[in-house]
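Asker: Before anything else, here's the structure in question.
2 protein chains.
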Amino acid sequence: MSVGIVGAGQLGRMLALAGYPLGIHCLFLDRAADTPAGQVAETLIGELDDPTLLRELATRSTVLSFDWENVSVSALRAALKGLKTRAAPPLRALATGQDRLAEKRLFERLGIPTTRYAPVSSRGSLAAAMRRIGLPAVIKTRRMGYDGKGQRVVRSSTEAHAAFEALGAVPLLYEEWIGFEAEVSAIGARGRRGELALYPLSRNFHSDGILRLSLAPWEDPALERLAKRHLRALLAEFAYVGVLAIEFFVRGRRLIANELAPRVHNSGHWTIEGAQTSQFENHLRAISGLPLGATGARGYSAMINLIGEIPAAGKLLGFPGLHLHDYGKSARAGRKVGHCTLIETDAGRRDLRARQLVRELYPGLAAIP
Amino acid sequence: MSVGIVGAGQLGRMLALAGYPLGIHCLFLDRAADTPAGQVAETLIGELDDPTLLRELATRSTVLSFDWENVSVSALRAALKGLKTRAAPPLRALATGQDRLAEKRLFERLGIPTTRYAPVSSRGSLAAAMRRIGLPAVIKTRRMGYDGKGQRVVRSSTEAHAAFEALGAVPLLYEEWIGFEAEVSAIGARGRRGELALYPLSRNFHSDGILRLSLAPWEDPALERLAKRHLRALLAEFAYVGVLAIEFFVRGRRLIANELAPRVHNSGHWTIEGAQTSQFENHLRAISGLPLGATGARGYSAMINLIGEIPAAGKLLGFPGLHLHDYGKSARAGRKVGHCTLIETDAGRRDLRARQLVRELYPGLAAIP
Numbered sequence: 059m060s061v062g063i064v065g066a067g068q069l070g071r072m073l074a075l076a077g078y079p080l081g082i083h084c085l086f087l088d089r090a091a092d093t094p095a096g097q098v099a100e101t102l103i104g105e106l107d108d109p110t111l112l113r114e115l116a117t118r119s120t121v122l123s124f125d126w127e128n129v130s131v132s133a134l135r136a137a138l139k140g141l142k143t144r145a146a147p148p149l150r151a152l153a154t155g156q157d158r159l160a161e162k163r164l165f166e167r168l169g170i171p172t173t174r175y176a177p178v179s180s181r182g183s184l185a186a187a188m189r190r191i192g193l194p195a196v197i198k199t200r201r202m203g204y205d206g207k208g209q210r211v212v213r214s215s216t217e218a219h220a221a222f223e224a225l226g227a228v229p230l231l232y233e234e235w236i237g238f239e240a241e242v243s244a245i246g247a248r249g250r251r252g253e254l255a256l257y258p259l260s261r262n263f264h265s266d267g268i269l270r271l272s273l274a275p276w277e278d279p280a281l282e283r284l285a286k287r288h289l290r291a292l293l294a295e296f297a298y299v300g301v302l303a304i305e306f307f308v309r310g311r312r313l314i315a316n317e318l319a320p321r322v323h324n325s326g327h328w329t330i331e332g333a334q335t336s337q338f339e340n341h342l343r344a345i346s347g348l349p350l351g352a353t354g355a356r357g358y359s360a361m362i363n364l365i366g367e368i369p370a371a372g373k374l375l376g377f378p379g380l381h382l383h384d385y386g387k388s389a390r391a392g393r394k395v396g397h398c399t400l401i402e403t404d405a406g407r408r409d410l411r412a413r414q415l416v417r418e419l420y421p422g423l424a425a426i427p
Numbered sequence: 059m060s061v062g063i064v065g066a067g068q069l070g071r072m073l074a075l076a077g078y079p080l081g082i083h084c085l086f087l088d089r090a091a092d093t094p095a096g097q098v099a100e101t102l103i104g105e106l107d108d109p110t111l112l113r114e115l116a117t118r119s120t121v122l123s124f125d126w127e128n129v130s131v132s133a134l135r136a137a138l139k140g141l142k143t144r145a146a147p148p149l150r151a152l153a154t155g156q157d158r159l160a161e162k163r164l165f166e167r168l169g170i171p172t173t174r175y176a177p178v179s180s181r182g183s184l185a186a187a188m189r190r191i192g193l194p195a196v197i198k199t200r201r202m203g204y205d206g207k208g209q210r211v212v213r214s215s216t217e218a219h220a221a222f223e224a225l226g227a228v229p230l231l232y233e234e235w236i237g238f239e240a241e242v243s244a245i246g247a248r249g250r251r252g253e254l255a256l257y258p259l260s261r262n263f264h265s266d267g268i269l270r271l272s273l274a275p276w277e278d279p280a281l282e283r284l285a286k287r288h289l290r291a292l293l294a295e296f297a298y299v300g301v302l303a304i305e306f307f308v309r310g311r312r313l314i315a316n317e318l319a320p321r322v323h324n325s326g327h328w329t330i331e332g333a334q335t336s337q338f339e340n341h342l343r344a345i346s347g348l349p350l351g352a353t354g355a356r357g358y359s360a361m362i363n364l365i366g367e368i369p370a371a372g373k374l375l376g377f378p379g380l381h382l383h384d385y386g387k388s389a390r391a392g393r394k395v396g397h398c399t400l401i402e403t404d405a406g407r408r409d410l411r412a413r414q415l416v417r418e419l420y421p422g423l424a425a426i427p
């Protein structure tokens, strides 16, 4: 069985590694040979929207997927034309995930609480949005945002106008800035016959727009029930196949949807060692029409992103019980180059050891409790 | 970091997959391209003792290892000459593992109980061995045996002479045949500075000379202490680096060493999901000079070999909580093509579900309790 994947980053790498034991081979398309996934599986080299290469990828695969949501939906659609190869997740979910405005409107339509917002495309619509929604606010590009890129928090009209200029002549979204008590994410898989496999909730900690730490399971039964209800609504809406993630803010026992990702998600990396079946395996099982695997937690996990460079492997692996995931990337400030996971038998000890490891790895980082 | 591995079978495949998350790339040498490991990592194609290819493998690696013990020690030694690349496990351990007579003598020297034996190379020495050791017995080739190949159980002088003829004009070993209550194996890693990481005991069930089922941990503290003492003695004797396995017979609360394997071992495959660090990861950590990982069990595991062919993936993966490992081999009667692992929270439930799965997969198999 062969799965074609557009984009060969670390998500693709972990998909490929999860596929081999199942007898599933992933074939990638990306711009360079020495990508994280390209180091562990065959890659076609070229632009992500190259019609000839996309067609080759689709022809050589039984299902076509992606490890990054900013790939061209129309190019994927063209590549699949007349073939029996399916796209999974569905391209409609991909298109929605690419456009923050479409995402907001869908959240509203499904009754999933989200922040107040307004589309902005001119100084006039910016002024109107400011009046209606107020300050502080976040101004984001509607498209191509990830890891905090393409967005600015603004506290004044001057800052708002400066952000509008800086983000360029592209469609923007003006969003209410809200304080929150926590960030959590809900991740789950849906199979071809509608069967579901939903993971326990994870609590996430960001700094500079980049996820630093996820703790899972984050045991809050009421919030988890609510998050899973929203997740099920989205999965059903798209007749989804594969893994889907939603990030929420928690505010006064309410969940406020921040964004969705139509793919495996950084806040689900803990599932590799911390759940009975990883999100990567369940994504492949779902899109390949195989039965989904159990999602129960195995202990209490802390997943810590390695940003900029991998600390000396000896130092990291000397931390008892630590699982390292090196993405095979060169070092660069602010770049996700790997992650590591700790697993403990209770939540208190997990939190304690996670804090200790974060302090050791990132002594300068204040944002993690 | 690059590890060169001679032989690209399923052990190599699982080593390669364990290596990627650590940032370790395995490079293989084997006779064909489409081997289990060759499907997931780069392979040099040629004979396992080809001097030019072995030299290339050694030159491109920081450490040279093997996934099969019947590789030529002198060819490895020649390939390493003048290079800084180390061999691990040590070639002396490899040489001992290749020769059943050397293995027996070493067990005796270290005070590790083993079956009575005599080398046999002629009809005269066969008759002498029969008189001294008695019948029934097992006649084995001294070299190149695995999975029950190259050995015969004999119950009479006629059978003994027939086996002597059938096994050919090669050095043989005549061994006492003993009844036993159970088979267990002890597996552990030793690092470059002598640090140890020993796994819990596993209980093994063979049929037709092929391992079918391993249950681990097999909780018998007295036997485990004894097995680990023997394992430590062997690891120290060789100043070993990497993973070593010993198979024992259990008879009247005593352990009787059957054989050693200077490599990761089939009866340790449960450690992928069932231990904090897998035997594959610990082998790579040890031979690469990295700290060893914790070996504690995560729940109670049952590992079942898939022999002949992989059952339909849908059927197998529909078994809740099952982890599949497809080796990417074509189907062939008696061939190990994969394994699967179940993990439960107590030993009783593990044994029950393992029995159920074995019955489903191998309805004809009587030898597994």
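Residue numbers (the numbering used here), protein chains in the order written: chain A, 59 to 427; chain B, 59 to 427. Where a beta carbon is used, it is the ideal one built from N, C-alpha and C, also for glycine.
1. Hey, quick one: how far does the alpha helix (DSSP H) through VAL61/B stretch, first residue to last?
2. Among TYR358/A, GLU305/A, ARG413/A and ASP384/A, which has the Cα closest to the Cα of ILE170/A?
3. Please confirm whether PRO79/B has its beta-carbon closer than 8 Å to some beta-carbon of chain A.
4. When the Cβ atoms of the region 277 to 297 of chain B are set against those of the region 326 to 342 of chain B, are three or more pairs found closer than 8 Å?
5. Comparing C-alpha positions only, which one of GLY354/A, LEU254/A and ALA218/A sits nearest to SER180/A?
6. Name the chain B residues that come within less than 8 Å of ALA352/A, Cβ to Cβ?
7. With a threshold of 8 Å between beta-carbons, can ILE103/B be considered close to chain D, or not?
8. Could you tell me the boundaries of the alpha helix (DSSP H) in which GLU239/B lies?
9. Quick check on LYS198/B: buried or exposed, where buried means 16 or more other Cβ atoms within 10 Å of its Cβ?
10. Taking only three categories from DSSP, how would you classify TYR175/B?
11. What is the rounded straight-line gap between the Cα of ASN340/A and the Cα of PRO79/B?
12. So, TRP328/A versus SER265/A, is the Cβ gap smaller than 8 Å?
13. Taking 8 Å as the threshold (C-beta atoms), are THR101/A and LEU256/A in contact?
14. With DSSP as the reference, please indicate the residues paired to ARG144/B in a beta bridge.
15. Could you give the residue range of the beta strand (DSSP E) that holds ASP384/A?
16. Can you tell me where the alpha helix (DSSP H) with LEU308/A in it begins and where it stops?
17. Whose Cβ in chain A lies nearer than 9 Å to the Cβ of HIS433/B?
18. Is LEU410/A buried or exposed, if buried means 16 or more other CB atoms sit within 10 Å of its CB?
19. Could you confirm whether any beta carbon from chain A is found closer than 8 Å to the beta carbon of ARG200/B?
20. Please list the residues of the region 346 to 371 of chain B that have a C-beta atom closer than 9 Å to any C-beta atom in chain A, keeping them in chain order.
21. Just reading off the beta strand (DSSP E) that HIS397/B is part of, what are its end residues?
22. Just list the residues that DSSP pairs ASN262/A with in beta bridges.
23. Output, in sequence order along the chain, the residues in the region 375 to 405 of chain B whose CB is closer than 7 Å to any CB in chain A.
24. When you compare each of GLY62/A, THR110/A and THR120/A to ALA95/A by their alpha carbons, which one comes out closest?
25. Can you list, in chain order, the stretches of the beta strand (DSSP E) that have 3 or more residues and sit fully within the region 339 to 380 of chain A?
26. Could you name the residues of the region 93 to 126 of chain A whose beta carbon sits closer than 7 Å to any beta carbon of chain B, in the order they occur along the chain?
27. Check the Cβ of LEU75/B against every Cβ in chain A and list those closer than 7 Å, keeping chain order.
28. Short of 6 Å in beta carbon distance, which residues of its chain neighbour VAL178/A, apart from the five on each side in sequence? Order them along the chain.
29. Would you kindly work out how many angstroms separate the C-alpha atoms of GLU331/A and ALA370/A, rounded to a whole number?
30. Run through chain A and tell me which residues come within less than 7 Å of GLN334/B, C-beta to C-beta.
31. Taking the beta carbon of GLU105/B as the centre, do at least 16 other beta carbons fall within 10 Å, making it buried, or is it exposed?
32. With a CB to CB cut of under 7 Å and the five nearest residues on each side skipped, what residues in its chain are close to ARG250/A?
33. Considering only residues of the same chain and omitting the five flanking positions on each side of ASP157/B, which have a CB-CB separation below 7 Å?
34. Three-state secondary structure (DSSP) at LYS198/B?
35. Going by DSSP, what residue range makes up the beta strand (DSSP E) through ILE330/A?
Answerer: For this structure:
1. Run containing VAL61/B: none in the alpha helix (DSSP H); it sits in the beta strand (DSSP E), 60 to 64.
2. Among TYR358/A, GLU305/A, ARG413/A and ASP384/A, the Cα nearest to that of ILE170/A belongs to GLU305/A.
3. yes
4. No: the two stretches stay apart, fewer than three of their Cβ pairs being nearer than 8 Å.
5. ALA218/A
6. PRO378 and GLY379
7. The structure shown contains no chain D; its protein chains are A and B.
8. From DSSP, GLU239/B is part of no alpha helix (DSSP H); its letter is neither H nor E.
9. Burial call: buried.
10. strand
11. 19 Å
12. no
13. Not in contact: LEU256/A and THR101/A (Cβ atoms no closer than 8 Å).
14. VAL121/B
15. 381 to 384
16. Here residue 308/A is Val; the residue named in the question, Leu, does not match the sequence. First-last for VAL308/A: 300 to 309, but that is the beta strand (DSSP E), not the alpha helix (DSSP H).
17. Outside the displayed range of chain B (59 to 427) lies residue 433/B, so it cannot be described from this structure.
18. exposed
19. no
20. SER346, GLY347, LEU348, PRO349, LEU350, GLY351, ALA352, GLY354, ARG356, GLY357, ILE368 and ALA371
21. Annotation: the continuous beta strand (DSSP E) that includes HIS397/B extends over 394 to 402.
22. GLU241/A and SER272/A
23. Going along the region 375 to 405 of chain B in chain order, one finds LEU375, GLY376, PRO378, GLY379, LEU382, HIS383, ASP384 and GLY386 with a Cβ nearer than 7 Å to chain A.
24. GLY62/A
25. 358 to 365
26. VAL98
27. Correct list: LEU75 and TYR78.
28. Correct list, in chain order: LEU184, ALA187, LEU230 and TYR232.
29. Roughly 22 Å between the two C-alpha positions.
30. Within chain A, the C-beta atoms nearer than 7 Å to that of GLN334/B come from GLY379, in chain order.
31. exposed
32. VAL299 and GLY347
33. ARG200 and ARG201
34. strand
35. DSSP places ILE330/A outside any beta strand (DSSP E); the residue lies instead in the alpha helix (DSSP H), whose first and last residues are 329 to 332.
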